[in-house]
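Residue numbers (the UniProt record's numbering): 1 to 330.
If you want it as structure tokens, here you go:
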């Protein structure tokens, strides 16, 4: 029997219908654990009760600190965080960047609310607790457990607005067959970064869409409005239309970091094209995001620029995509 700390933050798993007002997060962590089988000892802390679409950087810092405090508790073997699906990929990734303990930290949530006729939250929470209690998952970083699949936080993205298993990407670290957990991979862990400070709360990082016909003036406006960094959601392997190369060059000269990502769900940024494409954007000073898509690239850029970091450090961390080691079923 393991000792698991459950941190509640809200989300659909904690939400109930208010009729015409829609769903609202209401349930505290103490409410969520009532359905658990109690195979393990659990303790709870309610960090907040909020829809994840409402979260700010200051909230992410509070969640990160709550997780850090939990893993530093010698009586705790693992941590589960209940969270909304909308921005779970961002919060989980931030915690993964700063996670320095071998103890598992496992995010979970729900696609259907607590008062649904068939809520999925209880099963997801049960499996997340089992994952956090597993000795086999020690040293695998921050994970997301949903609908029987456990994935690494890095590279994860929300792929469906309604599916019971809404996530894709990341490394599938383990899965459940019935009640049995089978570990299939162990992501290689990069060195942890420093915890976010209060400066992180105030750091502005903007994502600018480089869709067909996009206006680079929107990029320049973000820079002039005080962005510490701008993430370009490029097309294809990381490209942008007319005017962006010059705008990137001006921004970098002025001290703003520019990160080049891609709107494509799978595959890394690979500067390939000239004539204003990725090759020219990188020459102008943009830093390729590697395998990170815009939302996670934004989180990393915000953490690094709030500390602060050099362009070389940002480039090194962005391109340090962890590999994986094979695992054994258990």
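Idealized CB from N, CA, C, for every residue including glycine. These numbers come from a predicted model, not from an experiment.
Residue environment: residue 198 is assigned as exposed (fewer than 16 neighbouring CB atoms within 10 Å of its CB, all protein chains considered). In the DSSP assignment, residue 89 falls within the alpha helix (DSSP H) that extends over 88-98. With contact defined as three or more Cβ pairs closer than 8 angstroms, the stretch 286-299 and the stretch 248-266 are in contact.
Distances from the alpha-carbon of residue 145 to those of 77, 129, 138 and 69 put 129 closest.
DSSP places residue 169 in no alpha helix (DSSP H) but in the uninterrupted beta strand (DSSP E) bounded by 167-169. Of the other Cβ atoms in all chains shown, 16 or more fall within 10 Å of the Cβ of residue 155; this residue is therefore buried. Annotation note: the stretch 240-293 contains the following uninterrupted alpha helix (DSSP H) runs of length 4 or greater, listed N- to C-terminal: 244-253 and 278-283. Taking 8 angstroms as the cut-off, the Cβ atoms of residue 114 and residue 14 count as close.
The way I'd put it, the stretch 82-92 does touch the stretch 101-112; three or more beta-carbon pairs between them come closer than 8 angstroms. For residue 311, the three-state secondary structure derived from DSSP is helix. Between residue 163 and residue 4, the gap from beta carbon to beta carbon reaches 8 angstroms or more. Residue pairing by DSSP places residue 219 in no beta bridge whatsoever. CA-to-CA, the gap between residue 93 and residue 153 works out to about 5 angstroms.
In the structure shown, residue 1 falls within a coil segment according to DSSP collapsed to helix, strand and coil. Inside the stretch 92-151, DSSP marks whole alpha helix (DSSP H) runs of 4 or more residues at positions 121-133, from first to last along the chain.
The alpha-carbon separation between residue 157 and residue 188 amounts to approximately 19 angstroms. Three or more pairs of CB atoms, one per stretch, sit closer than 8 angstroms, so the stretch 270-281 contacts the stretch 231-245. By the criterion of a C-beta distance shorter than 8 angstroms, residue 124 is surrounded in its chain by 13, 108, 109, 110, 145, 146 and 147, once the five residues flanking it on both sides are discounted. Of the residues assessed, residue 61 falls on the buried side of the cut-off, its CB having 16 or more other CB atoms within 10 angstroms. Here residue 206 is buried. Its C-beta has 16 or more other C-beta atoms within 10 Å. Contact between residue 238 and residue 271 holds: CB atoms are separated by about 6 angstroms, below the 8 angstroms threshold. Beta-bridge annotation (DSSP): residue 46 is paired with 8. Remark: C-beta atoms of residue 288 and residue 231 do not approach each other more closely than 8 angstroms. Burial state of residue 167 is buried, judged by a 10 Å Cβ sphere holding 16 or more other Cβ atoms. With a beta-carbon spacing of about 18 angstroms, residue 1 and residue 35 fall beyond the 8 angstroms limit used to define contacts.
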